[in-house]
């Protein structure tokens with residue numbers, strides 16, 4: 001069936017990949033024997049401890065089935081309904097969640113800030129946190145949401161993150177991190193989970209695992225114990241408290257074990273770098289942005305877009321600007337896959353000449 | 001570790017079981033190769049068709065991670081925020097979902113109706129659907145929610161269901177079925193999915209699979225095409241639209257294939273019947289209600305409760321009335337498990353004499 | 001026009017009355033000259049101080065246009081969305097506000113408790129505040145709402161109020177008072193506003209003025225300074241922050257000045273007592289409940305209901321039980337009005353014999 | 001007391017004015033005698049008919065206490081929770097209602113569009129109504145909200161309104177008009193209420209009266225009968241259904257009687273024009289925008305702002321851009337007031353030279 005071809009050779013998204021074998025095995029293993037429901041089973045308790053170990057502090061973990069749920073529930077615990085959420089113009093929470101944050105927060109408003117490479121400009125944040133503060137006629141700046149790695153594949157440095165978090169906390173706001181591609185950022189910076197989150201001021205993290213090897217398991221990780229009770233009730237009434245939670249925790253546990261998550265992310269990043277370097281050599285292709293993770297934005301000649309698609313390569317294009325395409329790599333892409341794509345690109349552009 | 005013993009020998013809930021081997025295998029199979037996200041993959045399309053075949057009509061299926069999400073989203077599509085949801089006093093939506101229906105409906109009110117064996121009394125429903133109709137000072141009766149099988153293990157007959165649905169539709173209300181144990185009811189009545197739902201007037205069904213063999217996959221099944229668009233947006237902004245939906249659909253597909261769901265349910269029901277028949281022979285034990293599915297309520301002598309628990313048997317008690325216990329069987333219990341429990345019961349009560 | 005006759009001779013509700021002349025005069029006076037909007041005018045500042053003086057403590061006052069808004073906003077400040085509001089089965093918030101509390105609280109659940117004369121039974125409250133506490137599957141008891149005077153015309157004694165408030169606070173709940181007929185209760189008990197509210201534990205009061213002489217002005221009175229900011233934002237985004245607030249505060253100020261409110265309430269209560277005493281003398285009439293304020297429930301012979309209505313008297317009947325009628329008096333009824341009604345009652349029942 | 005001086009000589013807002021004498025008189029008259037509550041009184045019925053006569057079609061009218069409530073409730077009836085509301089960047093609903101629209105719609109998103117003089121650019125609307133249509137990951141364009149007169153004092157022509165409404169309806173969106181200053185726009189265009197609303201496609205109007213002579217009464221006017229029931233329930237559970245509604249309708253009725261509303265608006269507009277013409281003559285003052293109604297934006301020399309304020313004149317400044325001030329006139333300003341302000345302006349600027 002040809003309809004699946006674009007996916008097979010595809011760079012549409014890292015969510016097109018299946019699951020890591022280690023994760024599939026862990027899910028199978030978790031099934032044997034009965035277990036207490038709702039996270040009260042031995043495995044779930046273990047995985048919770050594993051998270052605390054990985055983050056080098058006591059954290060609370062709430063497994064969820066989507067990153068949208070992680071973001072929306074996390075944000076709801078950090079802003080009152082009359083609050084505003086400061087986020088980059090490109091933030092997934094603002095453009096790709098169909099209003100989930102507004103729904104779960106009961107009507108908080110997302111206020112978009114600019115900044116190059118999809119990173120929030122600190123000066124704009126400085127102005128934003130003060131905007132109409134204390135004015136009863138206006139929503140109140142309550143939380144800044146930072147996507148790490150960003151939707152454009154760029155990665156905030158630790159200093160950049162710290163600056164944003166300091167501005168937020170200095171004005172009484174909370175800090176949320178959308179870590180749909182947390183591992184990709186982590187290995188790009190060669191730092192630790194603790195350094196990239198709570199040590200510099202992140203209060204609640206949307207911990208993405210699905211795009212990097214899990215099946216349907218992400219998690220809310222809270223670094224603020226005062227939010228635990230609220231998050232527990234929001235998680236339940238948000239429809240996310242699963243009875244057989246061991247099957248989510250099996251995924252998360254295996255993800256964190258033996259560096260599966262770091263290896264997967266490193267590989268995906270390396271494939272994006274290989275793609276980037278190869279594309280730079282191709283006439284007429286312009287690599288955009290400042291990719292450090294597994295997402296690459298480029299400007300392609302229009303003919304190239306058409307030719308690649310006809311040849312069965314899948315990717316998003318013409319969504320942002322004309323002839324701008326997005327390529328996303330994941331742990332399943334091989335160096336051969338990348339080289340094959342590059343060869344096709346060279347072939348088609350040579351032909352065009 | 002002894003703390004898991006109560007579960008091993010447990011009748012706390014059918015959600016204490018693992019997953020059916022067929023479902024685990026299907027999940028593993030689904031992982032190979034890339035696939036389009038958000039339900040646009042080939043497997044998801046196939047499973048959607050499978051649901052339509054099983055229900056003998058074109059249905060819309062929205063996989064969800066919990067029954068709470070299925071109920072809350074389904075109800076939200078059937079009532080305006082100023083509506084009321086008529087349900088039995090024992091309904092799970094009213095007592096065990098921490099306000100999820102109120103949250104997802106934006107504040108609709110659950111109005112509880114009585115009736116024996118946890119089944120809604122038709123006369124009370126007749127009165128309920130007319131209550132303050134058209135009175136702007138009151139919430140408006142908008143949907144009746146019927147749990148099939150009920151929270152008490154009883155099962156509505158088709159005639160009983162039809163009567164309730166007719167009363168509802170006759171007054172302009174919609175009909176929701178909480179089918180957390182849909183398969184258990186289906187095999188108890190020896191009927192078809194179509195006969196038990198849309199043919200008698202069900203508009204939206206919460207299709208439970210998790211308690212009967214799946215891992216973390218239930219579904220909203222809509223029989224009303226006019227609700228499709230609304231459900232799609234609610235599903236997304238409710239945080240339930242998974243990117244790797246194939247992993248949910250793999251579960252649901254395997255569940256419906258080769259009668260896995262019916263076999264599992266038949267077995268669970270048979271184990272409950274075996275338990276019921278055996279308990280009736282034990283002096284001092286009173287079997288309550290009208291169990292047809294896999295839930296059994298009994299009154300135990302207080303000493304028996306204590307003795308069984310000390311021996312490592314798990315079940316809920318003293319939640320409803322003093323000395324009333326609930327026993328839930330599932331597809332993993334064997335006849336030997338049941339007989340072992342009964343033998344213990346006989347031993348402890350004989351000892352008491 | 002005869003259609004207004006039932007109202008002219010009516011006991012449908014105390015909201016059928018116009019406004020006290022003092023209040024009308026104050027509104028006219030308030031109109032002269034410009035004033036700062038949104039409560040920043042001199043009159044509004046004065047009236048806020050007047051409230052603090054009347055309550056003998058620093059209170060925060062938020063004028064609202066309806067009692068429903070007062071209740072819903074007040075409750076929203078006292079319960080999280082996953083909370084439950086414990087209230088009497090007859091509470092206005094549960095039956096006559098079309099889900100306003102559920103809407104403003106974002107889905108909190110009203111749990112109804114019984115008790116004679118529409119007063120919450122303290123033992124039921126004791127059980128209620130503990131119900132499923134800490135159970136993540138259930139809404140959490142968060143606030144008790146007490147109507148004073150009650151919907152049945154009875155009045156809690158100070159000891160009764162204190163007992164309920166102590167139970168609530170002892171279990172970590174907050175206390176809300178629905179004072180739609182606050183003044184009627186106050187004069188019935190011959191106590192002070194302070195004694196009947198914060199001194200015994202009320203956190204937020206819905207202060208009713210409209211039914212007792214104002215035009216369209218009630219108020220939220222908060223005794224807890226920690227709620228001020230939240231209430232201010234809820235009040236604004238709830239659509240209740242009026243620009244020309246001086247017109248609401250003119251009403252509230254005049255209401256509290258020179259005992260207008262107390263005189264009006266005393267008069268209304270006296271008229272109800274006169275009605276009650278007279279009705280007790282009429283054959284076949286049974287006075288129900290324990291009326292201390294301006295609402296009276298009675299059982300009338302069916303013929304009497306018909307005859308009085310045909311003669312142009314207005315009141316609600318057959319809403320609660322067959323032949324049960326409700327009579328509400330207000331500051332505009334004269335002793336002659338009452339005597340006229342009683343004479344008609346005597347005439348019609350004598351005729352029936 | 002000097003603190004009120006800035007207001008007395010003030011141009012802060014048209015909501016600083018009192019009420020028209022005709023409206024005060026009507027309120028007093030309405031108080032005599034009892035009346036059925038909740039809009040069922042004879043006066044309310046009459047005023048409803050008056051609105052239909054004024055708009056030359058059968059309309060539904062819902063009195064509200066604030067323009068925020070009118071906007072938020074009206075919008076909630078025109079968009080699903082997953083919808084987006086397209087409005088100008090300067091729209092009051094987006095910047096000055098503390099999230100009321102988001103709250104009442106259960107989380108719809110306001111999407112801001114640019115355009116000169118605070119009027120929506122039709123081309124941007126054309127793009128906006130198509131944005132991510134049918135994409136389940138995005139909120140769906142559902143309603144366009146047009147402020148007439150705009151927040152900047154400009155006024156859409158009938159052709160401009162028709163173009164926007166046609167774009168909206170052509171794409172399946174609904175049309176809301178924020179008419180906080182509806183009368184000012186009406187007289188500026190010298191047209192009729194029908195021509196400026198339903199005849200060109202407005203579905204729901206926020207009909208402002210408070211800023212132009214009423215006390216605390218605005219109204220939702222619906223031109224679409226299919227919205228009546230929904231609006232009635234939203235109005236009630238939104239806390240806006242007043243018991244003594246005659247006092248709101250007395251205001252609205254008097255407002256519409258004998259051209260009070262048109263006279264007031266004409267006067268306010270004339271005063272703004274006088275102010276504008278006078279300011280143009282003052283050195284260093286730049287009149288901004290395209291004022292046709294009663295709001296004027298200007299750039300003042302910084303010294304002039306200071307001098308005028310010290311002299312007791314009130315107006316907002318430095319909120320938009322540095323040295324940009326806003327002057328708002330109302331029915332209470334006299335030509336002498338304006339001339340006095342202009343004289344002061346001339347004096348202070350001459351002095352500066």
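Protein chains in written order, with my numbering: chain A, 1 to 353; chain B, 1 to 353; chain C, 1 to 353; chain D, 1 to 353. For each residue, glycine too, the CB sits at the ideal point set by N, CA and C. None of the values given here were measured: they were computed from a predicted structure.
(message) Short of 8 Å in beta carbon distance, which residues of its chain neighbour residue 119 of chain B, apart from the five on each side in sequence? Order them along the chain.
(response) Within the same chain, residue 119 of chain B has close Cβ partners 88, 150, 154, 156 and 160.
(message) Please state the DSSP three-state secondary structure of residue 118 of chain B.
(response) Helix at residue 118 of chain B.
(request) Inspect the CB distances between the segment 206-221 of chain D and the segment 238-248 of chain C and report whether three or more fall short of 8 Å. (result) Yes, they touch.
(request) Measure the C-alpha to C-alpha separation of residue 195 of chain C and residue 115 of chain B and round it to an integer number of angstroms. (result) If you take the alpha carbons of residue 195 of chain C and residue 115 of chain B, they lie about 45 Å apart.
(request) Consider the Cβ of residue 268 of chain A: report whether some Cβ of chain B lies at a distance smaller than 7 Å. (result) Any Cβ of chain B closer than 7 Å to the Cβ of residue 268 of chain A would place that residue at the interface, and such an atom is absent.
(message) Considering just the uninterrupted stretch of the beta strand (DSSP E) at residue 137 of chain C, what are its terminal residues?
(response) DSSP places residue 137 of chain C outside any beta strand (DSSP E), giving it a letter other than H or E.
(message) Taking 7 Å as the threshold (C-beta atoms), are residue 65 of chain A and residue 216 of chain A in contact?
(response) Yes, the Cβ-Cβ distance between residue 216 of chain A and residue 65 of chain A is below 7 Å.
(request) Kindly provide the ranges of any alpha helix (DSSP H) runs that are 4 or more residues long and lie completely inside the segment 209-275 of chain A, ordered along the chain. (result) Counting whole runs of 4 or more residues, the segment 209-275 of chain A contains the alpha helix (DSSP H) stretches 228-237 and 246-256.
(message) Suppose contacts are defined by Cβ-Cβ distances below 7 Å. Is residue 289 of chain A in contact with residue 176 of chain A by that definition?
(response) If you check the CB distance, residue 289 of chain A and residue 176 of chain A do not come in under 7 Å.
(message) Out of B/187, B/54 and B/36, which one is the CA nearest neighbour of residue 252 of chain B?
(response) The candidate whose alpha carbon is nearest that of residue 252 of chain B is B/54.
(message) How far does the beta strand (DSSP E) with residue 286 of chain D in it extend, from its first residue to its last?
(response) From DSSP, the beta strand (DSSP E) with residue 286 of chain D extends over 286-288.
(request) Using beta-carbon positions only, say whether residue 76 of chain D and residue 104 of chain D come within less than 7 Å of one another. (result) Going by C-beta atoms, residue 76 of chain D is nearer than 7 Å to residue 104 of chain D.
(request) Note down, in chain order, every chain D residue with its Cβ under 9 Å from the Cβ of residue 241 of chain B. (result) From the beta-carbon of residue 241 of chain B, the residues of chain D found nearer than 9 Å are 136 and 137.
(request) Please name the residue in D/247, D/292 and D/326 whose C-alpha comes closest to that of residue 305 of chain D. (result) Relative to residue 305 of chain D, the option among D/247, D/292 and D/326 whose CA is nearest is D/326.
(request) Identify the contact partners of residue 312 of chain C in chain D, using a Cβ-Cβ distance below 9 Å as the criterion. (result) Per Cβ cutoff of 9 Å: no residues; residue 312 of chain C is ~12 Å from chain D at best.
(message) On the CB-based measure, 16 or more other CB atoms within 10 Å of its CB, does residue 235 of chain C come out buried or exposed?
(response) Buried, since its Cβ has 16 or more Cβ neighbours within 10 Å.
(request) Under 9 Å between beta-carbons, which chain A residues line up against residue 232 of chain C? List them in chain order, please. (result) Correct list: 136.
(message) Give me, in chain order, the residues of the same chain whose beta-carbon lies closer than 6 Å to that of residue 295 of chain B; leave out the 5 immediate sequence neighbours on both sides.
(response) Closer than 6 Å at the Cβ level, and outside the excluded window around residue 295 of chain B, lie 153 and 328.
(request) With a cut-off of 8 Å on the beta carbons, I'd call residue 51 of chain A and residue 59 of chain A a contact; round off their distance for me. (result) About 5 Å separates the beta carbon of residue 51 of chain A from that of residue 59 of chain A, a gap short enough to meet the 8 Å contact definition.
(request) Report yes or no: do the segment 317-326 of chain C and the segment 21-28 of chain D share at least 3 C-beta pairs separated by less than 8 Å? (result) The answer is no - the segment 21-28 of chain D does not touch the segment 317-326 of chain C, with fewer than three Cβ pairs under 8 Å.
(message) My assumption, with CB atoms under 8 Å, is that residue 41 of chain D sits in contact with residue 48 of chain D. Please give the rounded CB distance.
(response) Rounded to the nearest angstrom, the Cβ distance from residue 41 of chain D to residue 48 of chain D is 11 Å, too far for a contact under 8 Å.
(request) Quickly, what does DSSP pair residue 367 of chain D with across the bridge? List them, please. (result) No answer is possible for residue 367 of chain D: it lies beyond the span of chain D, which begins at 1 and ends at 353.
(message) The alpha helix (DSSP H) that contains residue 163 of chain C, what's its start and end?
(response) Its alpha helix (DSSP H) spans residues 158-170.
(message) Using beta carbons (cut-off 7 Å, strictly below), is residue 201 of chain D in contact with chain A?
(response) Not closer than 7 Å to any Cβ of chain A, the Cβ of residue 201 of chain D fails to qualify, so no.
(request) Return no unless some Cβ of chain D is closer than 7 Å to the Cβ of residue 82 of chain B. (result) Among the residues facing chain D, residue 82 of chain B is included, as its CB has a counterpart in that chain under 7 Å away.
(request) Compare the beta carbon distance of residue 227 of chain C and residue 167 of chain C with 7 Å and say whether it is the shorter of the two. (result) No, they are not a contact pair.
(message) I need the DSSP call for residue 317 of chain A, collapsed to helix, strand or coil.
(response) Strand at residue 317 of chain A.
(message) For residue 378 of chain C, report the span of its beta strand (DSSP E) as first-last.
(response) It is not possible to answer for residue 378 of chain C, since the shown part of chain C is limited to 1 through 353.
(request) Using 10 angstroms around the beta-carbon of residue 267 of chain D, count the other beta-carbons present and answer buried if the total reaches 16, otherwise exposed. (result) Classification for residue 267 of chain D: buried.
(request) Taking only beta-carbon positions, decide if residue 40 of chain C is within less than 7 Å of chain A. (result) Judged by the 7 Å Cβ criterion, residue 40 of chain C is not in contact with chain A.
(request) Output the distance between the C-alpha atoms of residue 232 of chain B and residue 136 of chain D, rounded to the nearest integer angstrom. (result) Each residue's alpha carbon lies about 7 Å from the other.
(message) Considering just the uninterrupted stretch of the alpha helix (DSSP H) at residue 309 of chain C, what are its terminal residues?
(response) From DSSP, the alpha helix (DSSP H) with residue 309 of chain C extends over 302-310.
(request) Could you tell me how far apart the beta carbons of residue 169 of chain C and residue 201 of chain C are, in whole angstroms, since I believe they sit closer than 8 Å? (result) A Cβ-Cβ separation of about 6 Å places residue 169 of chain C in contact with residue 201 of chain C under the 8 Å criterion.
(message) By the three-class DSSP mapping on this structure, what secondary structure does residue 326 of chain D have?
(response) When DSSP states are grouped into helix, strand and coil, residue 326 of chain D belongs to the strand group.
(request) State the Cα-Cα distance for the pair residue 122 of chain D and residue 144 of chain D, rounded to the nearest angstrom. (result) Cα-Cα distance, rounded: 11 Å.
(message) Contact criterion: CB-CB distance below 7 Å. Does residue 127 of chain A meet it with respect to chain B?
(response) Chain B, which has no Cβ nearer than 7 Å to the Cβ of residue 127 of chain A, makes this no.
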